[in-house]
Amino acid sequence: DVADFSATGLYGGGSYNAPPGIAAVPEPAVPAGLLLAAALAVARRRRRWEAGAATQLLPGSVGGLCCQRGVGGAGATARGPPMSRSTTVLLLAAAAAVLALPTERAGAAGIVDLGLSDEFTISQPVVQIQVGSFGALDLNEYLLDTGASGILAGANSSAELLAKGLVTEATYVDFGVAGPQSTGVSRPYDFFFAGSDGVPRTLPNARMQTSNGNFAFYSGIAGMPLMTGRTVGFDLAAQADMHALRIGVAFDVPLASTLTANQYSVPLTMVRFPATGQQNPTDPLPENAALPFVPVRAQYGATTKAANFLLDTGAQQCILSAAMAFDLGLDVNRNGTLDDEAISFQTVAGVGGSVEIPVLRIDTLAVRTAGDVDLLFRDITVGVIDIDPALPGVLGMNVLNSGWEIHALNTFLGLDPGPPGVFDRVDVDFRSAAQGEMRLTLDGARNALMPQGPLSFAVPAGSQTQTQAQAGYAVVGGTGSLVKSGAGTLVLDAVNTLTGTTVVQAGTLQIAAPNALFGSATIVQHGAALGFSPGVVARLPSITLAGGTLAAGGSLAINGTTGVSRLLIEGGHVTGLPALAITAGGEVRLSGTGGSTLAVKSLRVDRAAGGFLDLGAGAVSIAAGGISRGDLLAGLAAGRAGGDWSGTVGIGSTTAAAACSDGTPRTVGWLEQGDGTVLVAFAAAGDTNLDGLVDILDVSFGAPKPATHRRPKPATMWVVLGGRIVLFGSVGKGRGQVVAV
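For what it's worth, the numbering used here labels the leading residue of the sequence shown as -19, then goes sequentially.
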């Protein structure tokens, strides 16, 4: 009997317009605007995390999908210094999966740059439910979750149903984020549900689960059993309707045989997983439907990884597994944990308890469509947790709902609403048991393909300076290369998602935005220059000076998070006498057969964060006062390691290490010169003046001993007529000699 089937609203102060046969039960009159404004103000904290305690709810496995016992993997728990915490209660409906990563894909045929994604979302799709003949329920609003394989009542909903006579026939054990939790398996009941259109649907003879967990705003979780064999439409634009203020949900929506304007099709792989939580072999099993997985490509710097992510409308935030995070290179200082790189930590609570996880940012997350077009979001916030060892990630509702909450809030407050959300609607087709489909209808103004490489920018000398827009490309992306030629200056002032190599052949390439080339390794050839606009700390995976010039006045940040990850000097010069800071997994390497000299105002190498200055066969000159003796000696000691210069942090030389492994004594020495400048250089044993030779001049600096950790001592050498000078040691394979001139 569905005559009493209620359809109440989420925000209070009203109800749905229920069709005949569906009774509408108003909620207490809570001012909808106040709750919506508070929720949306929190939900749209883009690029910042406020202080306070965070709890992200993780309902855990539903309907037999077993999560990993505990949370394993480096970086899954919080360690180290205190970080900021989110104040928001987040919901992540978790499901375990054994799904192999797909083969790495070639570059997309096209890219649509959708801009910044919301960090998380408050709005999620819901259904109104009724069970069996128990009549109207006070707690009747369940989260409609594509990431759940069953139907799970929360603690309060379970208590209400049990009080009305619901019978459980077995115990089923789910494993969640912090261990096992028992749930009850009901006897079969007809499960009635309706979306925002109020049209009733029935899932006959369903076995739901009862629990003692709570799920934020929702009385329970209604998973894929309600959607299997159906199409489901999510009207995201309905959130801007002041009479709705929520995502529209409708079942059995007809889908056209061809795509409409601004619509993209995304293939979904449906995967059903075994139920393993039975306590007795004859126990009945709860509902257990297949789950949808969506092809995505994640990028951090120059590293991209393709994988199938769980499509989860119950997740308010995107999730990466620890393995995926490490494969992307998020452990920039390579210390085996993600705590140092985390921008915040959040408490994830769910089946079995709670655990604190790190929250990080990745550069892009792209959904690959059936037409080989990538729908790309930038600056994605992700939590890192191992829900299951083989589950690489979760595509959360925050991506699908990006832009709508702030638009709805501004509309409600009478402000300029700004642009609408990214997607007008999302339609999913689960009628096939093996292959589903998701149709994403874009806001038409955003549906523009991004130019991709290979691209060539020729700026002649007469043109002097051009921005990339003036040169014809407001933004560029893809896996192709970018070549700068001509004697003029090209200014990159947009966030470009290019992952191919950038080559500066002539003239100057100036970076005027921090993320203008965050995914592109850059090579500066002879006669060309790479520069930065004042105040810009640019992110690049690497810069190679192949005879060119790096204009780095002010400071030069070498790290794996906000600066240049790797600086390789094969030839050419770094001008501007920058303050050099090597931190967070950054590396500076001086290579080339003749050795290079890098002159800096100051030098800081963060050994604890994995910073490394590799002198190769070259040298670094540090201005007076630019480094303390204690820091210099500590850096050299870390690079020297056991005496063979095999260290990978601090100040060292891979050239010296290679020579030592071959039995040729080589070292790194330092000199404090008369003007206070400190010279640190690759050297042979006995090269006390660090000029690259062991010769008569070294005697004036003291006995012919390795220059490491030595300060020169002024001395006078007298050669008496008829006397003799004896040279000990050798240089390379030659012999020492005195040359009279």
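A virtual CB, placed ideally from N, CA and C, is assigned to each residue, including glycine.
Exercise. Counting pairs of Cβ atoms below 8 Å between the stretch 382 to 390 and the stretch 89 to 98, do you hit three or more?
Worked result: Enough Cβ pairs lie closer than 8 Å, so yes.
Exercise. Counting only beta-carbon atoms, is residue 404 nearer than 8 Å to chain C?
Worked result: Here chain C cannot be found, since the structure has a single protein chain.
Exercise. Along the chain, where does the beta strand (DSSP E) that runs through residue 635 open and close?
Worked result: Taking the sequence shown and counting its residues from 1, the one referred to as residue 635 is at position 655. No beta strand (DSSP E) holds residue 635; the alpha helix (DSSP H) holding it covers 634 to 641.
Exercise. Measuring CA to CA, which of 474, 617, 243, 569 is closest to residue 587?
Worked result: Position 607 of the sequence shown, counted from the start, is the residue given in the question as residue 587. The shortest CA-to-CA distance from residue 587 to any of 474, 617, 243, 569 is the one to 617.
Exercise. Since residue 582 contacts residue 613 with CB under 8 Å, what's their CB separation in whole angstroms?
Worked result: Here residue 582 refers to the residue found at position 602 of the sequence shown. Here residue 613 refers to the residue found at position 633 of the sequence shown. Here residue 582 is actually not in contact with residue 613; their C-beta atoms are around 16 Å apart, not less than 8 Å.
For this session: Compute the beta-carbon to beta-carbon distance between residue 654 and residue 663, rounded to the nearest angstrom, for a pair I have assumed lies under 8 Å.
Result: One-based indexing of the sequence shown puts residue 654 at position 674. One-based indexing of the sequence shown puts residue 663 at position 683. Contact flag wrong, Cβ pair sits at about 19 Å.
Problem set entry | Neighbour-count burial assignment, residue 395, 16 or more Cβ in a 10 Å radius | Along the sequence shown, read from residue 1 onward, the residue named residue 395 stands at position 415. Exposed, by the Cβ-count rule.
Exercise. Terminal residues of the continuous alpha helix (DSSP H) containing residue 227?
Worked result: By one-based count along the sequence shown, residue 227 stands at place 247. Note, residue 227: premise wrong, no alpha helix (DSSP H); not H, not E.
Exercise. Under a Cβ-count criterion, where at least 16 other Cβ atoms within 10 Å of its own Cβ denotes burial, should residue 117 be classed as buried or exposed?
Worked result: By 1-based counting over the sequence shown, the position of residue 117 is 137. Residue environment for residue 117: buried (at least 16 other C-beta atoms within 10 angstroms of its C-beta).
Exercise. In the structure shown, what three-state DSSP assignment does residue 307 receive?
Worked result: Residue numbering aside, residue 307 sits at position 327 when the sequence shown is read from its first letter. Residue 307 carries a helical assignment under DSSP once its states are collapsed to helix, strand and coil.
For this session: Ignore the nearest five residues each way along the sequence and tell me which others in residue 177's own chain have a CB closer than 7 Å to its CB.
Result: For the purposes of this step, residue 177 is taken as the residue at position 197 of the sequence shown. Closer than 7 Å at the Cβ level, and outside the excluded window around residue 177, lie 230.
Exercise. From residue 643 to residue 621, what distance separates their C-alpha atoms?
Worked result: Taking the first residue of the sequence shown as 1, we reach residue 643 at position 663. Taking the first residue of the sequence shown as 1, we reach residue 621 at position 641. Take the alpha-carbon of residue 643 and the one of residue 621: they are about 17 Å apart.
For this session: Go ahead and label residue 272 buried or exposed: buried means 16 or more other beta carbons lie within 10 angstroms of its beta carbon, across all protein chains shown.
Result: As a working note, residue 272 is residue 292 in the sequence shown. Counting the other CB atoms within 10 Å of its CB gives residue 272 a total of 16 or more, which places it among the buried residues.
For this session: Kindly indicate which three-state DSSP category residue 436 falls into: helix, strand or coil?
Result: Here residue 436 is taken as the residue at index 456 of the sequence shown, counted from 1. Residue 436: strand per DSSP, three-state reduction.
For this session: Please determine, among 592, 250, 418, the residue with the shortest C-alpha to C-alpha distance to residue 314.
Result: On the sequence shown, residue 314 is found 334 positions in, with the first residue counted as 1. When only C-alpha atoms are compared, the closest one is 592.
Problem set entry | residue 285 burial status per 10 Å Cβ neighbour count (16 or more: buried) | Counting from 1 along the sequence shown, the entry for residue 285 is found at position 305. The residue in question, residue 285, is buried, as its Cβ has 16 or more Cβ neighbours within 10 Å.
For this session: Can you grab the Cα-Cα spacing for the pair residue 320 / residue 539, in whole Å?
Result: For this step, residue 320 is matched to residue 340 along the sequence shown. For this step, residue 539 is matched to residue 559 along the sequence shown. Approximately 13 Å, taken between the alpha carbons.
Exercise. Do you know how far the Cα of residue 635 is from the Cα of residue 479?
Worked result: In the sequence shown, residue 479 corresponds to position 499, counting from 1. In the sequence shown, residue 635 corresponds to position 655, counting from 1. For residue 479 and residue 635, the gap between their C-alpha atoms comes out near 30 Å.
Problem set entry | Opposing strand residues paired with residue 215 [DSSP bridges] | Position 235 of the sequence shown, counted from the first residue, corresponds to residue 215. The beta-bridge partner set that DSSP reports for residue 215 consists of 228, 405.
Exercise. So, are the CB atoms of residue 486 and residue 515 less than 8 Å apart?
Worked result: Counting from 1 along the sequence shown, the entry for residue 486 is found at position 506. Counting from 1 along the sequence shown, the entry for residue 515 is found at position 535. No, Cβ-Cβ distance for residue 486 and residue 515 is not below 8 Å.
Exercise. Nearest CA to the CA of residue 501: which residue from 185, 210, 282?
Worked result: Position 521 of the sequence shown holds residue 501. Nearest C-alpha to residue 501: 282.
Exercise. At which residue ranges does the stretch 124 to 192 contain complete alpha helix (DSSP H) runs of 4 or more residues, listed in the order of the chain?
Worked result: Runs found: 135 to 143.
For this session: Look up residue 416 in the DSSP assignment and give the residues it is bridged to.
Result: Position 436 of the sequence shown holds residue 416. According to DSSP, which records beta bridges pairwise, residue 416 is partnered with 248.
For this session: Leaving aside the five residues before and after residue 218 along the sequence, list all residues of the same chain whose C-beta is less than 8 Å from its C-beta, in chain order.
Result: For this step, residue 218 is matched to residue 238 along the sequence shown. 176, 224, 226, 227, 228, listed in sequence order.
For this session: Determine the direct distance from the alpha carbon of residue 145 to that of residue 541, and round the result to whole angstroms.
Result: Sequence index remark: in the sequence shown, residue 541 carries index 561 (1-based). Sequence index remark: in the sequence shown, residue 145 carries index 165 (1-based). In this structure, the straight-line span from the alpha carbon of residue 541 to that of residue 145 is close to 57 Å.
For this session: Work out the CA separation of residue 503 and residue 742 for me, nearest whole Å.
Result: Lying outside -19 to 721, the shown extent of the chain, residue 742 is not represented and no answer is given.
For this session: Put residue 379 into one of helix, strand or coil per three-state DSSP.
Result: Reading the sequence shown from its first residue, position 399 is the one you call residue 379. In the three-state reduction of the DSSP assignment, residue 379 falls in the helix class.
Exercise. With residue 554 and residue 530 assumed to form a contact (beta carbons below 8 Å), what rounded beta-carbon distance in angstroms separates them?
Worked result: Numbered from its first residue, the sequence shown carries residue 554 at position 574. Numbered from its first residue, the sequence shown carries residue 530 at position 550. Taking the Cβ atoms as the reference, residue 554 lies roughly 5 Å from residue 530, within the contact range of under 8 Å.
Problem set entry | Validate contact between the stretch 190 to 197 and the stretch 130 to 141 using beta carbons, cut 8 Å, 3 pairs | Yes: the two stretches touch, three or more of their Cβ pairs being nearer than 8 Å.
Problem set entry | Bridge partner(s) assigned by DSSP for residue 288 | Start at 1 with the first residue of the sequence shown, and residue 288 comes out as number 308. Answer is 275, bridged to residue 288.
For this session: Classify residue 610 as helix, strand or coil using the three-state DSSP reduction.
Result: Numbered from its first residue, the sequence shown carries residue 610 at position 630. In the structure shown, residue 610 sits in a helix (DSSP, three-state: H, G or I).
Exercise. Hey, how far is the Cα of residue 537 from the Cα of residue 543?
Worked result: As a working note, residue 537 is residue 557 in the sequence shown. As a working note, residue 543 is residue 563 in the sequence shown. In a straight line, the C-alpha of residue 537 is about 5 Å away from that of residue 543.
Problem set entry | Sub-8 Å separation of residue 738 and residue 211 beta-carbons | Nothing about residue 738 can be read from this structure; the chain reaches only from -19 to 721.
For this session: Classify residue 338 as helix, strand or coil using the three-state DSSP reduction.
Result: Locating residue 338 in the sequence shown gives position 358, where the first residue counts as 1. Residue 338 falls in the strand class under three-state DSSP.
For this session: Check residue 253 in the structure and name its three-state DSSP category.
Result: Taking the sequence shown and counting its residues from 1, the one referred to as residue 253 is at position 273. When DSSP states are grouped into helix, strand and coil, residue 253 belongs to the coil group.
For this session: May I ask which residues mark the beginning and end of the alpha helix (DSSP H) holding residue 389?
Result: Along the sequence shown, one-based indexing puts residue 389 at 409. 384 to 392 is the span of the alpha helix (DSSP H), which, as asked, contains residue 389.
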